[in-house]
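All remarks here apply to the structure that follows.
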Amino acid sequence: MMKLLKYILIVAVIGIILVSVLTRVPDVQDRLMFRFVQTLGGTTADLNDNSLSAVVCGSRSPLPSPGRAQTCVLVNAGGNYYVVDIGDGSAVNLNNWRIDANKIRATLLTHLHSDHISDLADLHLMTWINTSHSKPMDVYGPAGVELVTQGFEDAYQLDYQYRHEHHGDEIAPKDIAGFNPFPIDLSNPVIIDEDGLKVTAFKVTHDPIVPALGFRFDYKGRSIVISGDTIYDENLIKHAKDADVLFHEAQANHQLDIMRKALANNEGLVTILNDIETYHTTPVEAAKVANLANVDHLFFYHLTPAPRNNLTERMFFRGVNDIRKEWSSTKDGTMVVLPLDSDEIIVTEIN
Ligand SMILES: [Zn+2]
Ligand SMILES: [Zn+2]
């Protein structure tokens, strides 16, 4: 027995030395990289097109949390993708997961806070360069959305020009660079009605940010509602009625209270933490919303402060289990799949 162990140990040590030596040889490095890139080119994230599904591409608010991007949810309705909000770091997630940019039909902005729009330029690059799109990206958002898209177009005018001149019409067509903004008028709340998908916008309350919106996706009998940033809101309950899934923002004010005390010497930060307490929803309130709306499953996103470990996660959701069972937290990569012709809700993870 001891002899066998000794033999295994010697083989393992020789193996480690061999790998260490070989991976320093340029020819071996080149072959390994070739293989790796080949694998990359051949695969894309499998998003199950025979369903209504959603991937959380950003799960945090402006407060930093390692490994999480700012707000973003990609909704897939039978192979057509819609990106709801595109905060910092979320476009990198979409790229890392090799989301097929040809399938992105539009971007929808719940409101115009920076943590919901700041990666719009990178999402544009992803959908513009070397894709099959034939028009600028459609961007739906509240009044003021044209100002945002115009601002990005102005800031990236030279970038559009450089890339067009460098790569040519085929790869970087100048005429489709930029955005088609569609300001949402709530007197016509159905903003998208195509290929079996209906997207309805509705007002939520995020004062002083007016208007702030939520979106409801209905596709072939399945439904997903996204709250945007809001306080506890009756209008959201009305529009989320009987939905399969509700993605609701959440802010743990009991944790912000501790942060305020711990950071008392940073007056500016304390003021900010005070200010934000009044325009979000606590996890317990969000669970009440889900109960009153009779949704099947509640997913918490746009987490403030986004949990960094099991301890802070348990603290964040304190009290939620007392009033609701069907809920889940999300992180970047959480995927929710609602297969058609079924009541099933599958929770998985993209990687
Ligand atoms: Zn936000
Ligand atoms: Zn906001």
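The opening residue of the sequence shown carries number 1 in my numbering; numbering runs sequentially from there.
Note that beta-carbon positions come from the ideal geometry of N, C-alpha and C, so glycine has one too.
How about residue i and residue j: are their beta carbons less than 7 Å apart?
i: A286; j: K241; result: no
i: C72; j: D85; result: yes
i: I206; j: D185; result: Reading the sequence as shown, one finds His at residue 206 and not Ile. For H206 and D185, no; Cβs fall outside 7 Å.
i: R68; j: A290; result: no
i: I176; j: K135; result: yes
i: D193; j: S223; result: no
i: H124; j: M137; result: yes
i: K198; j: N235; result: no
i: H111; j: P142; result: yes
i: Y219; j: A106; result: no
i: M335; j: I345; result: no
i: L108; j: Y81; result: no
i: T200; j: P189; result: yes
i: R98; j: A45; result: yes
i: V320; j: V284; result: yes
i: I231; j: T281; result: yes
i: L256; j: L273; result: yes
i: S90; j: T304; result: no
i: V28; j: L22; result: yes
If distances are taken between C-alpha atoms only, which option among the options comes closest to residue i?
i: K331; options: M33, H113, V56; result: V56
i: N130; options: D100, G151, S223; result: D100
i: I258; options: E249, F316, A201, P283; result: F316
i: L338; options: S51, T23, I10; result: S51
i: S65; options: L197, H302, V245; result: H302
i: P208; options: I10, D275, I237, L263; result: D275
i: P183; options: R216, A212, V145; result: V145
i: F152; options: S132, D122, R35, T281; result: D122
i: D379; options: R308, T282, L256, G221; result: Within the shown structure, residues of the chain are numbered from 1 to 351, placing residue 379 beyond reach of any answer.
i: V139; options: N351, D119, I10, T304; result: D119
i: D49; options: D195, I16, V284; result: D195
i: Y279; options: S227, V25, R31; result: S227
i: L340; options: L298, Q70, G79, I231; result: G79
i: K174; options: P181, N188, V190, Q157; result: Q157
i: Q150; options: D233, T127, I8, G178; result: G178
i: F353; options: Q38, S132, V75; result: In this structure the chain extends from 1 to 351, so residue 353 is not present and cannot be described.
i: V295; options: N321, K238, N310; result: K238
i: L40; options: L311, D322, M126, N96; result: N96
i: L147; options: G168, W128, H133, N180; result: N180
i: H254; options: Y162, T312, D169, I14; result: T312
i: G333; options: G214, Q70, K261, D169; result: Q70
i: R324; options: T304, K3, L298, R24; result: L298
i: N93; options: K288, V37, S59, A250; result: S59
i: W327; options: I191, E249, M2; result: E249
i: F300; options: L263, E277, L63, A252; result: A252
Determine the DSSP secondary structure at residue i, reduced to helix, strand or coil.
i: I191; result: strand
i: T23; result: coil
i: E170; result: helix
i: E165; result: helix
i: I104; result: strand
i: T200; result: strand
i: R308; result: coil
i: T39; result: helix
i: F34; result: helix
i: D115; result: helix
i: T348; result: strand
i: N50; result: coil
i: I74; result: Note on identity: in this sequence residue 74 is Leu, with Ile being the wrong assignment. Looking at L74 - three-state DSSP - the assignment turns out to be strand.
i: N356; result: Here the chain has residues from 1 to 351 only, and residue 356 is not among them.
i: M1; result: coil
i: D138; result: strand
i: F152; result: helix
i: R60; result: strand
i: F317; result: coil
i: L18; result: helix
Subject >> Uninterrupted beta strand (DSSP E) stretches inside the stretch 210–298 (no shorter than 3 residues) >> reply: Runs of beta strand (DSSP E) with 3 or more residues, each lying fully within the stretch 210–298, are found at 222–226, 245–251, listed in chain order.
Original post:
Residues near ligand 1, CB to any non-hydrogen atom under 6 Å, in chain order?
Top reply: Going by the Cβ distance cut-off, the answer is S61, T71, H113, D115, H116, D229, H302.
**OP:** Could you pull out every unbroken beta strand (DSSP E) segment of at least 3 residues lying fully inside the stretch 76–101, listed in chain order?
**Re:** Here the runs fully enclosed are 80–84.
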